[in-house]
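**Q** Once you've had a glance at the structure underneath, I'll fire off some questions.
Number of protein chains: 2
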Amino acid sequence: VKSGAGELEGVLEAARRIAVPTEYEERRLRTVAERVLRAVEEAFRGVEGHVRTTLEGSAAKGTWIRSRPEVDVFVHFSPGVGRELLEKMVVERGSRALEDIGASWRLRYADHPYVEGFLGDVTVNVVGCYATEPGKWLSPVDRTPYHTRYVLSRLDDRLRTEIRLAKAFMRGIGVYGAELRISGFSGYLTELLVLRFNGFLELLRDGSGWRPGKAIDMTGTFTEEELRALFPNSPLIVTDPVDRNRNVASAVSLTRFSEFVLASRLFLSSPSLSFFDPRPPSRGDVRPLLGCLMAVRLRDLPSLPADTLWGEVLKFCRSVERRLQKEGFVVRRWAAESNGDEVLLLFDIESLELPPLELRVGPPVWLRNAEDFVGEHLRDQLTVAGPWVSGERLYVLKRRALRSARDLLLRWIERGEVSVPKDVAPSIRSAEVFEVTEERLRELRESGYSAFLDAFIDGRPPFLR
Amino acid sequence: VKSGAGELEGVLEAARRIAVPTEYEERRLRTVAERVLRAVEEAFRGVEGHVRTTLEGSAAKGTWIRSRPEVDVFVHFSPGVGRELLEKMVVERGSRALEDIGASWRLRYADHPYVEGFLGDVTVNVVGCYATEPGKWLSPVDRTPYHTRYVLSRLDDRLRTEIRLAKAFMRGIGVYGAELRISGFSGYLTELLVLRFNGFLELLRDGSGWRPGKAIDMTGTFTEEELRALFPNSPLIVTDPVDRNRNVASAVSLTRFSEFVLASRLFLSSPSLSFFDPRPPSRGDVRPLLGCLMAVRLRDLPSLPADTLWGEVLKFCRSVERRLQKEGFVVRRWAAESNGDEVLLLFDIESLELPPLELRVGPPVWLRNAEDFVGEHLRDQLTVAGPWVSGERLYVLKRRALRSARDLLLRWIERGEVSVPKDVAPSIRSAEVFEVTEERLRELRESGYSAFLDAFIDGRPPFLR
Chain A
420 VKSGAGELEG VLEAARRIAV PTEYEERRLR TVAERVLRAV EEAFRGVEGH
470 VRTTLEGSAA KGTWIRSRPE VDVFVHFSPG VGRELLEKMV VERGSRALED
520 IGASWRLRYA DHPYVEGFLG DVTVNVVGCY ATEPGKWLSP VDRTPYHTRY
570 VLSRLDDRLR TEIRLAKAFM RGIGVYGAEL RISGFSGYLT ELLVLRFNGF
620 LELLRDGSGW RPGKAIDMTG TFTEEELRAL FPNSPLIVTD PVDRNRNVAS
670 AVSLTRFSEF VLASRLFLSS PSLSFFDPRP PSRGDVRPLL GCLMAVRLRD
720 LPSLPADTLW GEVLKFCRSV ERRLQKEGFV VRRWAAESNG DEVLLLFDIE
770 SLELPPLELR VGPPVWLRNA EDFVGEHLRD QLTVAGPWVS GERLYVLKRR
820 ALRSARDLLL RWIERGEVSV PKDVAPSIRS AEVFEVTEER LRELRESGYS
870 AFLDAFIDGR PPFLR
Chain B
420 VKSGAGELEG VLEAARRIAV PTEYEERRLR TVAERVLRAV EEAFRGVEGH
470 VRTTLEGSAA KGTWIRSRPE VDVFVHFSPG VGRELLEKMV VERGSRALED
520 IGASWRLRYA DHPYVEGFLG DVTVNVVGCY ATEPGKWLSP VDRTPYHTRY
570 VLSRLDDRLR TEIRLAKAFM RGIGVYGAEL RISGFSGYLT ELLVLRFNGF
620 LELLRDGSGW RPGKAIDMTG TFTEEELRAL FPNSPLIVTD PVDRNRNVAS
670 AVSLTRFSEF VLASRLFLSS PSLSFFDPRP PSRGDVRPLL GCLMAVRLRD
720 LPSLPADTLW GEVLKFCRSV ERRLQKEGFV VRRWAAESNG DEVLLLFDIE
770 SLELPPLELR VGPPVWLRNA EDFVGEHLRD QLTVAGPWVS GERLYVLKRR
820 ALRSARDLLL RWIERGEVSV PKDVAPSIRS AEVFEVTEER LRELRESGYS
870 AFLDAFIDGR PPFLR
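Chains A and B are the protein sequences, given in the same order. Note that the numbering used here numbers the first sequence so that position 216 is 635, with each residue one more than the last. Note that the numbering used here numbers the second sequence so that position 43 is 462, with each residue one more than the last.
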C-alpha cells in the first residue's frame, strides 16, 4: 500500500524525468551554445560600439526544460549606438554568424527584430541589447543580462531541478509562456516564484491559496496594498528584483492565473503525472454542439510580430463577443488558433439563431425621449405587442428583421459595429463566416485544426482531461 | 382650421359629457341616497352605541362620475362598542334596511365586512365606523367622514367638474382604483390632487413632469425629502390632510404611476377623447406569440376579500416569474384576470422550451467548493464540455434534463421552489398549466376571458390603443 507521501514522491520522480535534461542533452546544449557564442563574437569583432557578447536565458542558468533546448546569445552595444543601427547590425551579422556554423535562420520580431536560428533540435536566438545600468534601460531586453545574473547568484542544483519541475508543470497545465496568445507565466517569472518559495511544492502550496491581486515583492520595498494600487488590474504582481517598478507577471491573464491556482489545488490533493504530461483531447463528439458553433476564418494575414497580430485578433474576438451579447446571443465561450497561414475563430453560442421576437427595453416614462419611443413603435410594422409600461419603463415586443449570428456579424463588420483593427482589417472584411456543421468540421480538421477542434469540443484545460 | 387650444377645449367639452352626470341622473342618485339613508337610520334607531348615520363618499361630495353611481352610507358607533358587535349589527341591520327598500344585497369584505346592495343601477354600501377624533382611529374607515368634510369644505362647482374630469381620465387610462388588482389612484386621492393643483389640466401639467418619489404634502408639515424618507418605496406620496402620517397614495404602484405620467404627457401634447373613452382592444392576432404563452388556470378559489385573494395570486405570479428567470427563461410580461369563478394567469416567455444545453456558472477557483464543482461535473453523464476556467470562475456545459416551462413549473410547485401562498395553495396544487395554442385560446375565449386575452395580445395600455 502506497502512502500519500510515497505517491507524491513517485509522481515527482517521474516528473523530474520529464523536466530535467539528461547529462548527454546538457552537454550537447553546452556545445551548441559555445559554438554559437564564438561565431557571434567573431561576427561582431571590431564593430564600433560593440561591448561584449554573452550567453543569457535558461541555457546560461541551466534552467531549461528537457525537449525544449534554446540558446539566447545577447550582443551588447554601448548606449551611443542608434537603435536602427543596432537592429541592422544584429540582423546582418547575427544571420551571417548563424550561416557560418551551418544553422538555418529567420527574422523574428518582438519589441525589436532578432534572428532565430535552428541547429539540430536547438533553437538559437541572437538578440541585440544595450549595455546599460539598471534604471537606465534603453530597450526592454536590456534587463535580461541582469535577470540572468540575479537568478544565477541564487541558484544551486536543488533549486535548478525545482525550477525545471515548476516550468514543466506550467507547460503541462497550459499556462507557460508570456506571449499574448498564451498570456501565461514566463520562464523568468517561474524562476522567481520558485526562488521566493524555495521549491516547487512550496510554490504550489502557496499558489493554491492565491486570489486575484496576489502581490509578491522581490525587492523588499512595497506592501501588498501598495503593489495592488500600483498595478490595479493585474491578477498577479511580482516585482522585478532588477527593476522594482516593473511587474514581471504583467502578462498573466486572470484566466491563466486562475488555472494555475486550480491546478495547484488539484495537484496537491491528488498528485498525478498528467499535470506534467497531459493527455491530448480525445476525438470530440460535436453532435451536442451542432447549431451552436460559428466559425470565422481569417486568411491572408499580414506578416507581423506574433503579439501584434494576436493583439488585433483577440481584440476583434472580444468585440464580436460583446456585440453578440448586446444583440441577445448567449456566447458561452470562444477560442482562436492559427494553423500557420491563417487564423480560425470559434464561437460557442447558445443558439446561432435569435428568437423571432425581441423585447425592446425603452426609456423611463419621465425621460424626454419616452414620447419618441412610443411614436416610433406604436404603429410600426414590426411591432407585435405594446408599447406598454412596466415599472417606470416602456417596453415593446418586435419582430426581428435579422436573426442569424452569421448574417448579423457580416453586417456589423460592414457597418463598423465591431472593432476591426487596422492590420487585420482586410482579412476580417474578406473573412469566411459559417456555422460548423459535421461536413465543415471535417474540412477544418483537414486544414490542420484537428487538435484545436478536439480541445475546444472537449472544453477542459489539459489538467482536467 | 382649429387652433390647438380650440381642439383641447373641444376634447374637454366632450369629456365633460362623459364625466358629469346629467341633472336627471343627479336627481335620481339624490333620491336613492335619501331613501337608503332613511332606511338605515330607521334600522339602527334605538341601537345602543349607535351615534348617527351619514352619507359619505362621492355621492355626498357630488364628485361621482357618470355611469358609476354609488352611494356610501356610514353607520357611526361610539368607541365603546366592540368590533365584533359592530360588524354583526352592520351585517344584520344593514341588510335588513336594504331589503326593506327592495334592494338586493351581498356581504363584502374589505378591512371588515360591509353590506353591498343594488337598487336599479346604483350600488349602495352600508359601512360601519367609529365616531372618533382624528388620530384616535379604531378602524381604517373612521377617517372617511373627515375626508368627506375636508373635500366638501374646499369644493365649488368648477372644481367638482374638474374632479370628475380627472376621475374619468384616470378610469379611461386604466389607473383608477386603489384595490390591489389595480394598484392605482383612489377617488379621494384624485380629489386631493385636483384640489392641490386647482384643476384637471393643471394636475396633468404637473403630473407630466413627475418622477418616482414625487411627494406632495397636503398638511404643510414636511419637506419632499422628509416625505421620501418616511415613505421610501412609494412612487407617489400624498399626505392625508386628516392624518398627516398616512400616505393617501400608498396603493399606487410604480407601473400605474408611470402610466399616469406618460398619459399626462401624451394627452397634453395631443389631446384626444380616447383618453376618457378608450377603444377596446381589437381581436388580437395570436400567431406571432404561439410558442410563447403559458397559461395557469386556478380553480376552486376560496371566498376571500378581493385584496387578500389578489395579494396571494400576485405573490405567486411574481415568484413564478423570478423562478423562470433564474432557470434561464426570458419572461417578457405576465398578467392575471378573474372571470368570476377562477383566475387565469398568462406568462409571455421568449421561448417555452429552454435550449438543450445549459452553461452552468461555477464558483471562483479560489473558493473551497471549486474542487467540488470540478468533481461533480468532470465525468458526469450530462456534461457536454468542460469544466473550464474563464476569468476567475469555473464553467461547465451541461445537457438539460427538463426543458419545458410547464414541466418545470409543475415540479417547482410540487417541491416548494415557488411561493405557494396558504389560502390559494389547493388551487395552485391542482392548477392546470398549459401552452396557449390556437385551440386553447378559443376555449379560454369561451370561458369569459376574451377581452383579457385581446388586451394581453395587444399589450398596449388603453390610452395607446
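Positions of the beta carbon are idealized from the N, C-alpha and C atoms, including for glycine. These figures come from a predicted structure and were not determined experimentally.
#1: For the beta strand (DSSP E) holding Gly554 of chain A, just list the boundary residues, first then last.
#2: Between the Cα of Leu778 of chain A and those of A:Arg752, A:Gly554, A:Ala755 and A:Arg818, spot the shortest distance and give me the residue it belongs to.
#3: Can you check whether the C-beta of Thr658 of chain A is within less than 8 Å of a C-beta belonging to chain B?
#4: Is it buried or exposed, Val420 of chain B, if we count other Cβ atoms within 10 angstroms and call 16 or more buried?
#5: Run through the stretch 712 to 760 of chain B for me and flag every whole alpha helix (DSSP H) of 4 or more residues, listed as ranges in chain order.
#6: Please state the DSSP three-state secondary structure of Ser605 of chain B.
#7: Please state if the CB of Ala789 of chain A and the CB of Leu681 of chain B are separated by a distance shorter than 8 Å.
#8: If you reduce the DSSP assignment to three classes, tell me which class Thr638 of chain A lands in.
#9: According to DSSP, is Ile484 of chain A helix, strand or coil?
#10: Could you compute how far the alpha carbon of Trp629 of chain B sits from the alpha carbon of Ser701 of chain B?
#11: So, are the CB atoms of Met637 of chain A and Leu611 of chain A less than 8 Å apart?
#12: Does the beta carbon of Pro440 of chain A fall short of 7 Å from some heavy atom of the ligand GTP?
#13: Quick check on Ile876 of chain B - is its C-beta less than 8 Å from some C-beta in chain A?
#14: Take every Cβ of the stretch 564 to 579 of chain B, pair it with every Cβ of the stretch 638 to 651 of chain B, and state whether three or more of those distances are shorter than 8 Å.
#15: For a contact meaning CB atoms closer than 7 Å, what does Val784 of chain B contact in chain A?
#16: Using three-state DSSP, classify Gly626 of chain A as helix, strand or coil.
#17: Is it true that the stretch 843 to 859 of chain A meets the stretch 712 to 729 of chain A, where meeting means three or more beta-carbon pairs spaced less than 8 Å apart?
#18: In chain B, which residues lie with their C-beta within 8 Å of the C-beta of Val543 of chain A?
#19: Determine the contact status of Pro782 of chain B and Phe792 of chain B, defining contact as a CB-CB distance below 8 Å.
#20: Secondary structure at Gly429 of chain A, three-state DSSP: helix, strand or coil?
#21: Please list, in chain order, the residues of the stretch 799 to 822 of chain A that have any C-beta partner in chain B closer than 7 Å.
#22: Could you tell me the alpha carbon to alpha carbon distance between Val439 of chain A and Asp696 of chain A, rounded to whole angstroms?
#23: Would a check of beta-carbon distances place Lys421 of chain B closer than 8 Å to chain A?
#24: Can you give the beta carbon distance from Leu708 of chain A to Ile876 of chain A, rounded, assuming they're within the 8 Å contact cut?
#25: Compare the C-alpha of Arg615 of chain A against each of A:Val455, A:Ser677 and A:Ala634 and name the closest.
#26: Identify which residue in A:Leu776, A:Met508, A:Arg798 and A:Leu692 has its Cα closest to the Cα of Glu467 of chain A.
#27: So, for Glu769 of chain B: in the same chain, excluding its five sequence neighbours on each side, which residues have a beta-carbon less than 6 Å away from its beta-carbon?
#28: Which stretch, first to last residue, makes up the beta strand (DSSP E) that contains Gly781 of chain A?
#29: Going by the CB atoms, is the gap between Trp807 of chain B and Gly596 of chain A shorter than 8 Å?
#30: Do Asn666 of chain A and Thr674 of chain A count as a contact pair if the criterion is CB distance below 8 Å?
#31: Does the CB of Leu474 of chain B have a neighbour CB from chain A at under 8 Å?
#32: Any C-beta of chain B within less than 7 Å: which residues of the stretch 631 to 661 of chain A qualify?
#33: Determine whether the beta carbon atoms of Leu797 of chain A and Leu692 of chain B lie at a separation below 8 Å.
#34: Does the beta carbon of Thr674 of chain B come closer than 8 Å to any beta carbon on chain A?
#35: Taking Leu776 of chain A as the reference, which of B:Leu474, B:Leu712 and B:Ser677 has the closest Cα?
#36: Would you identify the three-state DSSP class for His531 of chain B, choosing helix, strand or coil?
**A** If we stick to the structure as given:
#1: Counting from 1 along the first sequence, the entry for residue 554 of chain A is found at position 135. Neither: Gly554 of chain A is in no beta strand (DSSP E) and is coded neither H nor E.
#2: On the first sequence, position 359 is the one that residue 778 of chain A refers to. Leu778 of chain A has its Cα closest to that of A:Arg818, out of A:Arg752, A:Gly554, A:Ala755 and A:Arg818.
#3: Taking the first residue of the first sequence as 1, we reach residue 658 of chain A at position 239. So, not an interface residue.
#4: Stepping through the second sequence from its first residue, residue 420 of chain B is reached at position 1. The predicted model places Val420 of chain B with a pLDDT of 38, which falls under 50 and marks its position as unreliable, so this point remains unresolved.
#5: Listed in chain order, they are 725 to 746.
#6: For the purposes of this step, residue 605 of chain B is taken as residue 186 along the second sequence, with counting starting at 1. In this structure, Ser605 of chain B counts as coil in the three-state DSSP scheme.
#7: Walking along the second sequence from the start, residue 681 of chain B turns up at place 262. Walking along the first sequence from the start, residue 789 of chain A turns up at place 370. It is a contact, given that the beta carbons lie within the stated cut-off.
#8: For this step, residue 638 of chain A is matched to residue 219 along the first sequence. It is coil, neither helix nor strand.
#9: The sequence position of residue 484 of chain A within the first sequence is 65, counting from 1. Coil at Ile484 of chain A, not helix or strand.
#10: Here the question's residue 629 of chain B lines up with position 210 in the second sequence. Here the question's residue 701 of chain B lines up with position 282 in the second sequence. Across the structure, Trp629 of chain B and Ser701 of chain B are spaced so that their CA atoms are roughly 31 Å apart.
#11: For this step, residue 637 of chain A is matched to residue 218 along the first sequence. For this step, residue 611 of chain A is matched to residue 192 along the first sequence. In contact: Met637 of chain A and Leu611 of chain A (Cβ atoms closer than 8 Å).
#12: Summarising the ligand content, the structure contains no ligands, and the ligand GTP is consequently not present.
#13: Looking up residue 876 of chain B in the second sequence gives position 457. Yes, its Cβ sits closer than 8 Å to a Cβ of chain A.
#14: no
#15: Reading the second sequence from its first residue, position 365 is the one you call residue 784 of chain B. Neighbours of Val784 of chain B on chain A, chain order: Ser677, Val680 and Leu681.
#16: Locating residue 626 of chain A in the first sequence gives position 207, where the first residue counts as 1. Three-state DSSP puts Gly626 of chain A in a helix.
#17: yes
#18: Against the first sequence, residue 543 of chain A aligns to sequence position 124. Within 8 Å Cβ-Cβ: nothing; Val543 of chain A doesn't reach chain B, min ~35 Å.
#19: Residue 782 of chain B sits at position 363 when you count from the first residue of the second sequence. Residue 792 of chain B sits at position 373 when you count from the first residue of the second sequence. Going by C-beta atoms, Pro782 of chain B is nearer than 8 Å to Phe792 of chain B.
#20: On the first sequence, residue 429 of chain A is found 10 positions in, with the first residue counted as 1. The answer is helix: DSSP assigns Gly429 of chain A an H, G or I state.
#21: Val803, Ala804, Gly805, Pro806, Trp807, Val808, Ser809, Gly810, Glu811, Leu816 and Arg818
#22: Locating residue 439 of chain A in the first sequence gives position 20, where the first residue counts as 1. Locating residue 696 of chain A in the first sequence gives position 277, where the first residue counts as 1. So the two alpha carbons sit approximately 14 Å from each other.
#23: Walking along the second sequence from the start, residue 421 of chain B turns up at place 2. Residue placement at Lys421 of chain B cannot be trusted, given a pLDDT of 45 that sits under 50; the coordinates are not used to answer.
#24: As a position in the first sequence, residue 708 of chain A is number 289, starting the count at 1. As a position in the first sequence, residue 876 of chain A is number 457, starting the count at 1. About 7 Å; that satisfies the 8 Å criterion.
#25: Along the first sequence, read from residue 1 onward, the residue named residue 615 of chain A stands at position 196. Per the Cα distances, A:Ala634.
#26: Taking the first sequence and counting its residues from 1, the one referred to as residue 467 of chain A is at position 48. Measuring from the Cα of Glu467 of chain A, the nearest candidate turns out to be A:Met508.
#27: Your numbering for residue 769 of chain B matches position 350 in the second sequence. Answer for Glu769 of chain B: Val749, listed in chain order.
#28: Looking up residue 781 of chain A in the first sequence gives position 362. It spans Leu776 to Pro783 - the beta strand (DSSP E) in which Gly781 of chain A sits, taken as one unbroken run.
#29: Looking up residue 596 of chain A in the first sequence gives position 177. Looking up residue 807 of chain B in the second sequence gives position 388. Not closer than 8 Å, so no.
#30: Here residue 674 of chain A corresponds to residue number 255 of the first sequence, with the count starting at 1. Here residue 666 of chain A corresponds to residue number 247 of the first sequence, with the count starting at 1. No, Cβ-Cβ distance for Thr674 of chain A and Asn666 of chain A is not below 8 Å.
#31: Residue numbering aside, residue 474 of chain B sits at position 55 when the second sequence is read from its first letter. No, because no Cβ of chain A sits closer than 8 Å to the Cβ of Leu474 of chain B.
#32: Hits within the stretch, in order: Pro631.
#33: Along the first sequence, one-based indexing puts residue 797 of chain A at 378. Along the second sequence, one-based indexing puts residue 692 of chain B at 273. Going by C-beta atoms, Leu797 of chain A is not nearer than 8 Å to Leu692 of chain B.
#34: One-based indexing of the second sequence puts residue 674 of chain B at position 255. It does; some Cβ of chain A falls within 8 Å.
#35: Reading the first sequence from its first residue, position 357 is the one you call residue 776 of chain A. It is B:Leu712.
#36: Numbered from its first residue, the second sequence carries residue 531 of chain B at position 112. His531 of chain B: coil per DSSP, three-state reduction.
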